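Student: Please read through the structure below; I'll follow up with questions.
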Amino acid sequence: MKNIRRFARPEFYLAMFTGAMGILNLFSAAIPAVQTRLAIIRLVFPFEVRAGTRLATAFAGFALILLASGIFRRKRAAWLVTLPVLIISAIFHLIKGLDFEEATISLVLIILLVIFRNRFTARSDPPTIRRGLIVLVIAIAFVLMYGSLGLFFLEKHFSVRYSFEEALNQTLLMFFYYKPPSIVPLTRYGTFFVDSIYVLGIVVIGYALLAVLSPVILREAARDIDCERAERIVKEHGRTVLARFALFREKKYYFSQGGSVISFVVNNGVAVVLGDPIGPQSDAGETIREFSVFCAFNDWIPAYYQTLPDYLEQYRSAGLRWLKLGEEAIVPLAGFQLTGGEMKSLRTSVNKMTRLGFSQSVLGPPHAPEILDELEVISNEWMLERNGKEMKFSMGWFDRAYLNTTPILIIKDETGKAVAFANLVNEYQNNEIAVDLMRHRSDAPAGVMDYLFVSMLTYARDTGFATFNLGLSGLAGVGEASEDPAIEKAMHFIYRTVNTAYNFKGLHNFKQKFNPTWEPRYLVYPGLQNLARVALAVSAVSS
224 MKNIRRFARP
234 EFYLAMFTGA
244 MGILNLFSAA
254 IPAVQTRLAI
264 IRLVFPFEVR
274 AGTRLATAFA
284 GFALILLASG
294 IFRRKRAAWL
304 VTLPVLIISA
314 IFHLIKGLDF
324 EEATISLVLI
334 ILLVIFRNRF
344 TARSDPPTIR
354 RGLIVLVIAI
364 AFVLMYGSLG
374 LFFLEKHFSV
384 RYSFEEALNQ
394 TLLMFFYYKP
404 PSIVPLTRYG
414 TFFVDSIYVL
424 GIVVIGYALL
434 AVLSPVILRE
444 AARDIDCERA
454 ERIVKEHGRT
464 VLARFALFRE
474 KKYYFSQGGS
484 VISFVVNNGV
494 AVVLGDPIGP
504 QSDAGETIRE
514 FSVFCAFNDW
524 IPAYYQTLPD
534 YLEQYRSAGL
544 RWLKLGEEAI
554 VPLAGFQLTG
564 GEMKSLRTSV
574 NKMTRLGFSQ
584 SVLGPPHAPE
594 ILDELEVISN
604 EWMLERNGKE
614 MKFSMGWFDR
624 AYLNTTPILI
634 IKDETGKAVA
644 FANLVNEYQN
654 NEIAVDLMRH
664 RSDAPAGVMD
674 YLFVSMLTYA
684 RDTGFATFNL
694 GLSGLAGVGE
704 ASEDPAIEKA
714 MHFIYRTVNT
724 AYNFKGLHNF
734 KQKFNPTWEP
744 RYLVYPGLQN
754 LARVALAVSA
764 VSS
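Numbering (my numbering), first residue to last: 224 to 766.
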C-alpha cells in the first residue's frame, strides 16, 4: 500500500512525463518534417538553422531522459534545469518543422512543473555540482581543441584543407549542426573522427547532468558539540549494545525536536541508521517521520540496521518496510551455571582449560599500554588468519581509545601469556552487558572460546547484570514460517545452502550452547525497489 501511495505522488507522473518527452524529442529529431509545414519554415530559417535545431532537440531529449530520475527524487536542481530545457525544446520543435504537437506537450509539462514547484525540495551536492560545471567547461574547451587540431592535421582524411581558424569555426559549427555539409570525410578514420566529437559531447553533457542530480555528501565529521549532545542522550536512553557503537566518531547525528538522536552514516545516497532512534520511547514515531523528511531533503534513502521489534508499527506508519535479519542471543544470568546435561560440553572445556593451567582475569579501563600491545598482537593474528577487515559500523574494532573505555577479560595460559581476550560493553539503561571483540591466538587449544565465554557470563552474573548479549546470529529464524515473505524465504535458503562459506549455523550452534533466549532483529527500508541498494550500502559501511 505504501508503494502504491509512493507512485501516486505527483513527482512520479512528472518524472514519467519528462522521460517520455525526452524519448519523443529523440524520435522527433530523427523523423522528417511534414512537407507543408517545412515549406513555411524554409521561408523564415535557412537550412543550417533547421538542421542545427534537430541536433539540439536530440540533445535536449537525452538531457530530459537523465533529468527524469531527478524529478522523481524531487531534486530542486533537476527542476531548475528541466524548465529551461523544456522551453528551449518547445522553441526548437517549432523552428525545425512547426511541430506544434511536441511544443504543446512541452508547454503542458512546463505548466505542471510550475504548479507542483513546491514538491521539489531535495538538495544536490554543491561540491559535486561545482566539479561537474568545471569539468563541463574544461571538457568543452577540450572538445573544441580536439576537433580543431584534428581537422587541421588530418587533412588527408577530409575533402577540404582547413587553416586552424577554419578548423576551429567548423568545430564550433558542429556544436549546433549535425555533420555540416562542408566537412566531407574521405576515409573511414575521418568518419570516425567526426563521430568521436559528438560522442565526447554527449559524455560531457551526461556527466554534468549527473553531477546536478547527485545526492548530498557528508564530508565533515560530527562536531564536538553534537558528539557531546549525542552522548548525553545515549547515556540517558540507550538500552542496546548498539547505543555504545552509535558514539563512534565516524557516525553522523540527527537530533529530533522531541529529544532523540539518530546515529547514521551515508553511503551511495543511503543513510544507514544504526539500530532504532535513541531517546524517549514516546518520541520514536515522530523521530522516524522527521528523519524521513530530512533524508528526502538531502536526496537520501533512509534505512535502519538491526532494529528491535518495538517500533515496527511506527516504521510502517512512516511508509517503511522491514525484513528479519536474524536473532540476537540473550542469556538470562540468574540461573546460569554449568550443571546439568545441557552444559556437559561447556563443563568439559572449562575443566580441560583449568587442568592445563589456564586462568582468566577482568581488567577495568584504562588499560596499561603494554597490555594493549600484547592484545594487539593477538588481534592482528586473528584478522590475518581470517583475511578479514574490521567491522566498524555495528561493532567495535581494535582501537586503543575505544578499548580504554571498556572492561577486557583476558585468558592466560600456564606461563601467564595472553592467548584470548574479549571486551565487554554496558547497555546503559538496560541491566545487560554484551560482548564485542572476541579474539584468540591461532595456536590456542580447542575449548578456549568456551572457556572465554563461560568466564564472561560468570563475571557478568557475579557483577549483578541480569542478562548477557551474545550478539546477532545472522539469518537465524529467518524465512522458516509459511507466512514469511518471499525475500526472507530466499534468505533461509542461503542459510541452509551457503553455510560452508559463512558458517551461519556454526555460529548459531555455538551460541545455542548457552541456552539463550532469541530476539528478532530487522532491516527497515523504504520499498522493495530500494532493497538491493540498501543491502549494498549496509555491506559497504559494515566493512
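Glycine included, C-beta positions come from ideal geometry on N, C-alpha and C.
Note that this is a predicted model, so its numbers are computed, not measured.
Can you check DSSP and say which residues form a bridge with R744?
Tutor: Paired residues: G549.
Student: Please classify A300: is it buried, with 16 or more other beta-carbons within 10 angstroms of its beta-carbon, or exposed?
Tutor: Burial call: buried.
Student: Would you mind sorting Y412 into buried or exposed? The rule is 16 or more other CB atoms within 10 Å of its CB.
Tutor: It is exposed - the Cβ of Y412 has fewer than 16 other Cβ atoms within 10 Å.
Student: Can you grab the Cα-Cα spacing for the pair Q537 / Y236, in whole Å?
Tutor: Rounded to whole angstroms, Q537 to Y236 spans 28 Å at the Cα level.
Student: Per DSSP, what kind of secondary structure is P233 in: helix, strand or coil?
Tutor: DSSP places P233 in helix when its eight states are reduced to three.
Student: Go ahead and pull the three-state DSSP assignment for T723.
Tutor: Because the pLDDT of T723 is 45, which lies under 50, any placement of that residue in the model is unreliable, and the number read from its coordinates should be weighed accordingly. Note: T723 maps to helix in three-state DSSP.
Student: Give me the Cβ distance between L595 and R623, rounded to the nearest whole Å; I'm assuming they're in contact under 8 Å.
Tutor: Correct: roughly 6 Å between the Cβ atoms.
Student: So, V426 versus L359, is the Cβ gap smaller than 8 Å?
Tutor: No, the Cβ-Cβ distance between V426 and L359 is not below 8 Å.
Student: In angstroms with no decimal places, state the Cα-to-Cα distance between R232 and K612.
Tutor: Those two C-alpha atoms are separated by around 42 Å.
Student: May I ask you to list the residues that DSSP assigns as paired with L555?
Tutor: Before going further, note that residue 555 is Pro rather than Leu in the sequence given. Paired residue(s): T690.
Student: Provide the residue(s) that pair with G697 in DSSP beta bridges, ordered along the chain.
Tutor: Answer is G549, bridged to G697.
Student: Please determine, among W545, G702, Q529, D348, the residue with the shortest C-alpha to C-alpha distance to A434.
Tutor: With distances taken between Cα atoms, A434 lies closest to D348.
Student: Should Q560 be labelled buried (16 or more other beta-carbon atoms within 10 Å of its own) or exposed?
Tutor: Flag for Q560 reads exposed.
Student: Thinking C-alpha only, which one of L372, F416, G242, D659 is nearest N649?
Tutor: Looking at the Cα atoms, D659 is the closest of the given residues.
Student: Enumerate, from N- to C-terminal direction, the unbroken alpha helix (DSSP H) stretches of 4 or more residues contained entirely within the region 421 to 497.
Tutor: Qualifying alpha helix (DSSP H) stretches, in chain order: 447 to 460, 465 to 468.
Student: Return the Cβ separation of I456 and S483 in integer angstroms, given the expectation that the two are a contact with Cβ distance under 8 Å.
Tutor: So it is a contact: roughly 7 Å between Cβ atoms.
Student: In the structure shown, what three-state DSSP assignment does P500 receive?
Tutor: In this structure, P500 counts as coil in the three-state DSSP scheme.
Student: Can you give me the start and stop residues for the alpha helix (DSSP H) that V407 sits inside?
Tutor: Unbroken run through V407: none, as it is neither H nor E.
Student: Less than 8 Å between the beta carbons of L626 and A645, yes or no?
Tutor: Taking 8 Å as the Cβ cut-off, L626 and A645 do not qualify as a contacting pair.
Student: Are the region 500 to 516 and the region 545 to 565 touching by the rule of at least three beta carbon pairs closer than 8 Å?
Tutor: No, the region 500 to 516 does not touch the region 545 to 565.
Student: Comparing C-alpha positions only, which one of N653, K712, G670 sits nearest to T690?
Tutor: Answer by Cα proximity: N653.
Student: Tell me the DSSP secondary structure of A313 in three-state form.
Tutor: DSSP places A313 in helix when its eight states are reduced to three.
Student: Please state whether DSSP places H731 in a helix, a strand or coil.
Tutor: Helix at H731.
Student: DSSP three-state label for N653, please.
Tutor: Note: N653 maps to coil in three-state DSSP.
Student: If we ignore side chains and look at the alpha-carbon of each, how far apart do V304 and A755 end up?
Tutor: Computed Cα separation, rounded: 29 Å.
Student: Where do the N-terminal and C-terminal ends of the beta strand (DSSP E) with Q583 fall, by residue?
Tutor: Element bounds for Q583: 582 to 586.
Student: Look at the alpha carbon of F581 and the alpha carbon of V677, and state the distance between them as a whole number of angstroms.
Tutor: So the two alpha carbons sit approximately 13 Å from each other.
Student: Looking only at its own chain, which residues have a Cβ that is under 8 Å from the Cβ of C450, when we skip the five neighbours before and after it?
Tutor: So the list reads L470, R472, Y476, once near-sequence residues are dropped.
Student: Measure the CB-CB distance between V439 and S405 and report whether it falls below 8 Å.
Tutor: Not in contact: V439 and S405 (Cβ atoms no closer than 8 Å).
Student: Confirm, please, whether the CB-CB distance from A281 to A252 is below 8 Å.
Tutor: In this structure, A281 lies closer than 8 Å to A252 by Cβ.
Student: Tell me L632's beta-bridge partners as DSSP assigns them.
Tutor: Answer by DSSP bridge pairing, in chain order: V585, A645.
Student: Shortest alpha-carbon distance to M239 belongs to which of R296, F478, G461?
Tutor: The candidate whose alpha carbon is nearest that of M239 is R296.
Student: Output the boundary residues of the beta strand (DSSP E) element that contains T530.
Tutor: T530 -> beta strand (DSSP E) spans 524 to 530.
Student: Using three-state DSSP, classify F268 as helix, strand or coil.
Tutor: Note: F268 maps to coil in three-state DSSP.
Student: Taking the continuous alpha helix (DSSP H) assigned at R756, which residues delimit it?
Tutor: Per DSSP, R756 belongs to the alpha helix (DSSP H) from 754 to 765.
Student: Report back the beta-carbon spacing between P630 and P588 to the nearest angstrom; my notes put them in contact at under 8 Å.
Tutor: Sure, about 7 Å apart at Cβ, within 8 Å.
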